[in-house]
Amino acid sequence: ILPPVDGFLMLDKEKFAASFAADVRPSLASFMADSQVPWGVAALEGKVTAPAWKAKPSWYLVAKDDKMIPPSAQRQMASRAQATTVEVPGSHAVYVSDPAAVANLIKQAAADVGKK
């Protein structure tokens, strides 16, 4: 993550593939790097008053090869939310590299909620 410019953060385009999308084909990772949208530093200061995970069932897909959020941190967040957790090989961009894994987790969540 590059230092903020005018209150916004971006990922370094030169390091984007290795850090964010290591399992995405190079041409697509390059496109993702070029088309990323800056996000505001102020978003990190937002206050959550009623986190949904405290009152609603949660699911979490751990990307075991993620270089942005260590898998151990992902597991800790999922555990805190008492989330049903699935682990798959994949980078932070697992939704691009393995959309079937993401879709399967969504289907599982929908089926589980539908039973209640």
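In my numbering, the protein residues as written are 309 to 424.
Note that the Cβ used here is the ideal one computed from N, Cα and C, for glycine as well.
At a Cβ-Cβ threshold of 7 Å, G398 and A371 count as neighbours. Beta-bridge partners of V394 (DSSP): L369. CA-to-CA, the gap between K415 and G422 works out to about 10 Å. In the structure shown, G348 adopts extended strand secondary structure according to DSSP, grouped into three states.
The stretch 313 to 324 makes contact with the stretch 340 to 347: 3 or more CB pairs, one atom from each, lie closer than 8 Å. Around the C-beta of A411, fewer than 16 other C-beta atoms lie within 10 Å, and the residue is accordingly described as exposed.
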